[in-house]
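Taken in order, the sequence shown gives residues 1 to 257; the numbers are from full-length UniProt numbering.
Right, one structure below, let's go through it.
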Amino acid sequence: MFPNYTPQIETFPRRVGSSETIIGVDLQLEDEVPIDALPWVTALRVSAPADNDEAKAAGHFPAESGYDIEKQLFSPLTGSATKSAVLVGSVSSLQSAEWFIYSREPLAEQLEEAISERFPDIEVHARAQHDPGWSVYREFLCPSQVERFLLRNRRTVRELAELGQSTDDARPVDHTVWFTSPDDRNAFAETVADDGFALHYPDQDVPLEADEEDVEYGLTITRAESVTIEQMDELVRELFKLTSRFGGEYEGWHVQH
Numbered sequence: 001m002f003p004n005y006t007p008q009i010e011t012f013p014r015r016v017g018s019s020e021t022i023i024g025v026d027l028q029l030e031d032e033v034p035i036d037a038l039p040w041v042t043a044l045r046v047s048a049p050a051d052n053d054e055a056k057a058a059g060h061f062p063a064e065s066g067y068d069i070e071k072q073l074f075s076p077l078t079g080s081a082t083k084s085a086v087l088v089g090s091v092s093s094l095q096s097a098e099w100f101i102y103s104r105e106p107l108a109e110q111l112e113e114a115i116s117e118r119f120p121d122i123e124v125h126a127r128a129q130h131d132p133g134w135s136v137y138r139e140f141l142c143p144s145q146v147e148r149f150l151l152r153n154r155r156t157v158r159e160l161a162e163l164g165q166s167t168d169d170a171r172p173v174d175h176t177v178w179f180t181s182p183d184d185r186n187a188f189a190e191t192v193a194d195d196g197f198a199l200h201y202p203d204q205d206v207p208l209e210a211d212e213e214d215v216e217y218g219l220t221i222t223r224a225e226s227v228t229i230e231q232m233d234e235l236v237r238e239l240f241k242l243t244s245r246f247g248g249e250y251e252g253w254h255v256q257h
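Now the structure itself:
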């Protein structure tokens, strides 16, 4: 994986109390961790000035500053450590951003000095901790079940935009859900029908084999939506929560062409 490994950071929102943060994480590593050769994690936190208008307008740490700092984290500023360190994720809020780097040795002092020198108007703090089990990555940065759908929302909306399709125009959107009993499915169906969803039942419910996961009663619900990230995030959160309330499993959504 090293030294030619290139992180691919994907982002999703995470609500912390009444605030929304943006989490970035490299999920390419999920099946590889913990990496025994990189037992140290360094958290590099930077804070924007309290009167920063760009941060207030965007609702998160200034994108340009964050991008510049992230580029620095890929640069030779870590010297020989570039071959034994990897950026795994980040957290961005209104006034601050924090990056997480796993390495062979702690890099706090080195990174804090380099970033402070490059960005003298930004408050910089770094700390390192021994984390051989990669708990910061696995338990904090990696998305929860519902957050994985929010991450998938971004992929799907990006793909639609790349195909030249407007995400603002309302179009039929199908959501698929599964339940362990027909009664739970029917109760869920009654609830979403009141919210304007059309219901599509499979022609036949076929029970799964005994040694497979016991989810067997499917349902597709359809409603015209604009597929902006904001709209789909809110809707997916609601449907995920509602499906769970009725003992079901939310599978995801796709647009009709």
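Note that the Cβ used here is the ideal one computed from N, Cα and C, for glycine as well.
I need the boundaries of the beta strand (DSSP E) containing residue i, first residue and last residue.
| i | result |
| --- | --- |
| F179 | 171-179 |
| R138 | Unbroken run through R138: none, as it is neither H nor E. |
| V88 | 85-92 |
| S19 | 19-25 |
| W253 | 249-255 |
| L199 | 198-200 |
Going by DSSP, name the residue or residues bridged to residue i.
| i | result |
| --- | --- |
| Q129 | V41 |
| I101 | T42, L87 |
| P34 | In DSSP, P34 forms no bridge with anything. |
| P13 | I22 |
| S96 | S47 |
If you count every other CB in all the chains shown that lies within 10 Å of the CB of residue i, and 16 or more means buried, which is it?
| i | result |
| --- | --- |
| Y5 | exposed |
| D26 | buried |
| H175 | buried |
| V16 | exposed |
| L150 | buried |
| D233 | buried |
| S92 | buried |
| E98 | buried |
| R185 | buried |
| G24 | buried |
| L163 | exposed |
| A48 | buried |
| A126 | buried |
| R245 | exposed |
| A85 | buried |
Do residue i and residue j have their C-beta atoms within less than 9 angstroms of each other?
| i | j | result |
| --- | --- | --- |
| I9 | S90 | yes |
| H130 | P34 | no |
| V177 | E249 | yes |
| residue 269 | V227 | Residue 269 is absent from the structure shown; the chain starts at 1 and stops at 257. |
| A161 | T42 | no |
| S181 | G133 | no |
| L219 | F188 | yes |
| R154 | T21 | no |
Taking the alpha helix (DSSP H) that residue i falls in, what are its first and last residues?
| i | result |
| --- | --- |
| P182 | 182-193 |
| L111 | 108-118 |
| A48 | That residue, A48, is in no alpha helix (DSSP H); it is neither H nor E in DSSP. |
| F149 | 145-162 |
| I221 | Careful: I221 lies outside any alpha helix (DSSP H), inside the beta strand (DSSP E) at 217-225. |
| E234 | 229-245 |
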